[in-house]
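Structure record follows, encoded as C-alpha cells.
Protein chains: 2
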Amino acid sequence: MKRIAVDMDEVLADALTEHLIRYNRDHDEAITKGHLHGKWLWDIVSADRHARLEGYLRSEDFFEDLPVLEDSQEVLAKLVKHYEIFIATAAMEFPNSFGPKYRWLRRHFPFIPPMNFVFCGDKSILLADYLIDDSHRHFERFKGQGLLFSAPHNAKVTGFRRVAGWKEIENFFLPVGRA
Amino acid sequence: MKRIAVDMDEVLADALTEHLIRYNRDHDEAITKGHLHGKWLWDIVSADRHARLEGYLRSEDFFEDLPVLEDSQEVLAKLVKHYEIFIATAAMEFPNSFGPKYRWLRRHFPFIPPMNFVFCGDKSILLADYLIDDSHRHFERFKGQGLLFSAPHNAKVTGFRRVAGWKEIENFFLPVGRA
Chain A
121 MKRIAVDMDE VLADALTEHL IRYNRDHDEA ITKGHLHGKW LWDIVSADRH ARLEGYLRSE
181 DFFEDLPVLE DSQEVLAKLV KHYEIFIATA AMEFPNSFGP KYRWLRRHFP FIPPMNFVFC
241 GDKSILLADY LIDDSHRHFE RFKGQGLLFS APHNAKVTGF RRVAGWKEIE NFFLPVGRA
Chain B
121 MKRIAVDMDE VLADALTEHL IRYNRDHDEA ITKGHLHGKW LWDIVSADRH ARLEGYLRSE
181 DFFEDLPVLE DSQEVLAKLV KHYEIFIATA AMEFPNSFGP KYRWLRRHFP FIPPMNFVFC
241 GDKSILLADY LIDDSHRHFE RFKGQGLLFS APHNAKVTGF RRVAGWKEIE NFFLPVGRA
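Chains as they are written, first to last, in our numbering: chain A, 121 to 299; chain B, 121 to 299.
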C-alpha cells in the first residue's frame with residue numbers, strides 16, 4: 121500500500137482565513153485572499169506589525185476552530201481505503217498548537233488513527249511515497265513525490281506538480297473506475 | 121551526513137522511575153526496576169489497577185520533570201557534530217504529554233533544534249539510517265537499522281543489535297579516534 125503524507129495548514133485546515141479575520145478585526149483592514157496572490161501575509165503587512173501576526177499563531181486558541189478545506193474530508197475518507205494516510209504538520213514552531221491540532225484532527229478526521237499523526241518540523245524525516253503540501257520548501261529533501269497544494273502564497277511557484285484542490289487530488293490518486 | 125532517530129522515553133527520559141514512584145506511593149508497594157526483568161509494569165500489577173497505571177501517564181505533569189538517562193546529554197552533544205539527530209517519540213497515545221515533552225527536550229537538550237523533534241505514533245514514518253529505541257516493535261517496519269536500548273521490559277528480547285547505555289552508543293557511532 122502506497123503511503124501519502126498530508127500537510128495540515130492550508131491543505132486540511134484553513135488557517136489563512138482565521139489569520140485574516142483576526143488581523144483585519146484588530147487593525148480595521150479588509151485584506152482578502154485575493155490580495156495575497158504570490159505573497160505571504162507577512163509580505164503585505166508592514167514590518168512593525170509582524171510580531172502581531174506571529175502572535176496570532178502563538179495564541180492558545182488559534183488552531184482550535186479552523187474551517188475545514190472543501191472536499192478534504194470526503195476525499196480522504198475514500199483515500200484511506202487505498203492508501204496509507206499520515207497527517208504531517210510542522211507544529212514545532214508553535215508548541216501551543218499541539219493540543220488544538222490534535223483535537224481538530226480527531227474532530228474532523230475521526231477515520232484517521234492518531235498513530236498516523238506526525239507533529240514535526242523538518243519534513244525530510246518523513247518516509248512516504250507522496251507529500252501533499254502548500255510549502256514547496258518541504259519538497260527539497262523529501263524522497264517521494266511532492267504535490268504542491270495551491271494556496272495564495274504559492275501562486276507563482278513553478279516546477280512542481282500542482283493540485284488545486286481535493287477533487288484534483290481524488291482524480292490523481294483514484295482515477296475514475298478505481299474508487 | 122547519516123541520520124539517527126532517537127526515542128525519548130526510557131532512552132533519554134527515565135519515565136519508568138517516575139512511574140514506579142507514583143505507583144508505589146499510592147499503593148504502598150516497593151516495586152523496583154529489578155522486579156521488571158523481561159516484564160512491563162502492567163505484567164506484574166493486578167488487572168484492576170491497570171487503569172490507574174495508565175492514568176499516571178495521562179496526567180498533565182507526568183512527563184514534565186523526568187530524570188535524564190545517564191550520559192545521554194554528553195553523548196548526544198558529541199553525536200550532533202557527526203550525525204543528523206532527530207528525537208522521535210510516540211506521543212500520540214498521550215496527548216497531554218505534548219507540551220511537557222517539548223519543554224523537557226528544550227530544557228535538557230538545548231543543542232537539538234525543535235525542527236528535529238518528531239511527535240508521532242507509528243514510527244515506520246521515520247526516514248533515518250538508525251533508530252535507537254527500547255521498543256523493538258518499532259523496528260518491524262523501520263527501513264534503517266534498529267538499535268535496541270536496554271530497558272527492564274526488553275531484557276529477554278533477542279534478535280536485535282542491543283545497546284546497554286549511552287557509552288555503548290558513543291562507541292558504536294564514534295569509535296575511538298573519530299570523535
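Glycine included, every Cβ here is placed at the ideal spot set by N, Cα and C.
Since the structure is predicted, the reported quantities are computational estimates derived from the model, not experimental observations.
- About 20 Å separates the Cβ atoms of residue 123/A and residue 211/A, ruling out a contact at the 8 Å cut-off.
- For residue 206/A, the enclosing beta strand (DSSP E) has its first and last residue at 204-210.
- Rounded to whole angstroms, the Cβ separation of residue 130/B and residue 195/B is 16 Å, and the two are not in contact under 8 Å.
- Annotation: the region 204-292 of chain B contains the following complete segments of the beta strand (DSSP E) (minimum length 3 residues), in chain order: 204-210, 237-240, 250-253, 265-269 and 281-283.
- In the DSSP assignment, residue 167/B falls outside any alpha helix (DSSP H) and carries neither an H nor an E.
- When C-alpha distances from residue 181/A are compared across 153/A, 142/A and 262/A, the shortest belongs to 142/A.
- Chain B places no beta carbon closer than 8 Å to that of residue 187/A, leaving this residue out of the contacts.
- When Cβ pairs closer than 8 Å are counted between the two stretches, the region 216-224 of chain B is seen not to touch the region 254-266 of chain B, the count staying below three.
- Here residue 231/A has 196, 197 and 200 as same chain residues with Cβ atoms under 8 Å from its own Cβ, once five neighbours each way along the sequence are excluded.
- Near chain B, meaning a CB-to-CB distance below 7 Å, the residues of the region 212-240 of chain A are 212, 215, 218, 219, 222, 234, 235, 236, 237, 238, 239 and 240.
- Secondary structure of residue 125/B (DSSP, three-state): strand.
- Interface annotation, residue 153/A: not in contact with chain B, CB-CB separation never under 8 Å.
- The contact set of residue 242/B on chain A, defined by CB atoms closer than 7 Å, consists of 235 and 236 in chain order.
- When only Cα atoms are considered, residue 132/A and residue 243/A end up about 17 Å apart.
- In this structure, the alpha-carbon of residue 186/A lies about 31 Å from that of residue 121/A.
- DSSP places residue 150/B in the coil class of the three-state scheme, outside both helix and strand.
- Listed by position along chain A, the residues whose Cβ is nearer than 7 Å to that of residue 207/B form an empty set, because the closest Cβ is around 10 Å away.
- About 7 Å separates the CB atoms of residue 251/A and residue 259/A; that is less than 8 Å, so the two are in contact.
- Between residue 125/A and residue 246/A, the beta carbon gap of about 5 Å places them in contact (Cβ cut-off 8 Å).
- Flagged as an interface residue toward chain B: residue 245/A, by a C-beta distance shorter than 8 Å.
- Residue range 192-199 is occupied by the alpha helix (DSSP H) that includes residue 192/A.
- Pairwise C-beta distances place the region 143-155 of chain B in contact with the region 169-183 of chain B, as three or more of them are shorter than 8 Å.
- Within the same chain, Cβ atoms closer than 8 Å to the Cβ of residue 152/A are found at 140, the five residues on either side in sequence being excluded.
- Within a 10 Å sphere around the beta-carbon of residue 166/A sit fewer than 16 other beta-carbons, which makes this residue exposed.
- Among the CB atoms of chain A, none fall inside 8 Å of the CB of residue 159/B.
- Taking the Cβ atoms as the reference, residue 220/A lies roughly 4 Å from residue 183/A, within the contact range of under 8 Å.
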